[in-house]
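Novice: Residue numbers (the working numbering): 10 to 304.
Each residue gets a CB set at the ideal place from its N, CA and C atoms; glycine is no exception.
All of these numbers come straight from a predicted model, not from anything done at the bench.
As structure tokens, then:
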């Protein structure tokens with residue numbers, strides 16, 4: 010079996026998955042491109058699911074890092090790329106089939122969590138790797154390294170990750186459900202809505218980057234109804250005057266739209282004296298009717 014056939018056979022799983030999900034490699038590549046565009050990988054175009062050479066199939070190191078970060082947030086993906094060895098059942102045989110991960114970073118680098126090797130004659134050796142380290146406060150930081158056409162990629166990635174963990178420290182900006190802002194609610198049963206962090210937000214900062222600022226980009230008010238978890242505003246991370254990331258803020262609780270007996274929807278704080286008087290009177294009369302019915 011020649012080398013070309015080996016490469017083709019090693020990518021048949023990608024083809025099978027593409028055809029199962031989308032019906033064809035072309036349709037699946039379109040789905041890949043839609044996802045890449047959605048996460049900001051704007052210099053990428055896929056024509057197949059396996060990466061074999063094509064003039065219109067291209068990407069960049071930055072885009073691969075963005076795609077990797079997206080993938081590592083999917084638990085099953087993160088589990089697969091970090092697995093060193095797996096024994097799968099083999100139909101008709103008493104023993105299983107052993108699959109070994111050829112990504113040496115999983116064995117060479119402390120805290121390695123994957124991710125993917127790649128090679129064709131046109132691209133040379135390509136590697137995406139990631140690793141997690143925990144600081145003295147128990148805060149984890151995960152870094153991603155990408156090289157394209159790098160003959161000495163194992164050593165390069167070791168040096169890149171070492172540099173990142175040495176020069177950067179994780180700073181916790183927010184924790185899950187922590188309240189970060191309070192905004193007014195119009196036409197709601199409550200007057201104010203807390204905005205909370207959707208998860209734990211960690212930002213890596215260099216030792217010489219001291220001027221870190223967290224800005225809140227939130228509306229002054231919002232109209233009911235509101236569902237808990239609705240994304241409303243952002244935390245903006247600014248380092249030395251440069252904006253880096255936006256972290257979403259979400260509604261801390263649900264707030265229903267206020268209702269009155271007149272069919273309108275006006276919050277109690279904005280009702281007139283007459284509206285409040287007749288609404289309370291109606292409530293008393295309704296209660297009497299219920300009592301009479303029980304008698």
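1) One question on the structure: do residue 261 and residue 188 come within less than 8 Å of each other, judged by their Cβ atoms?
2) On the DSSP bridge assignment, give the partners of residue 227 in chain order.
3) Could you tell me whether the Cβ atoms of residue 142 and residue 176 are closer together than 8 Å?
4) Would you report the Cα separation of residue 96 and residue 248, rounded to the nearest angstrom?
5) Check for me: the beta strand (DSSP E) holding residue 248 runs from which residue to which?
6) Apart from the five residues just before and just after residue 195, which ones in its own chain have a Cβ nearer than 8 Å to its Cβ?
7) Alpha carbon to alpha carbon, how far is residue 131 from residue 82?
8) Rounded to a whole number of angstroms, what is the C-alpha to C-alpha distance between residue 52 and residue 78?
9) Mapping the DSSP letters down to three states, classify residue 131 as helix, strand or coil.
10) In or out: residue 107 buried (at least 16 other Cβ within 10 Å) or exposed?
11) Could you say if the segment 55-67 and the segment 87-103 meet the contact criterion of at least three C-beta pairs nearer than 8 Å?
12) Where residue 24 and residue 58 are concerned, what is the direct C-alpha to C-alpha distance, given to the nearest angstrom?
Specialist: With the structure as the only source:
1) yes
2) For residue 227, which the question treats as bridged, DSSP gives no partner whatsoever.
3) no
4) 47 Å
5) 240-248
6) 230, 231, 232, 233, 276
7) 30 Å
8) 16 Å
9) coil
10) exposed
11) no
12) 6 Å
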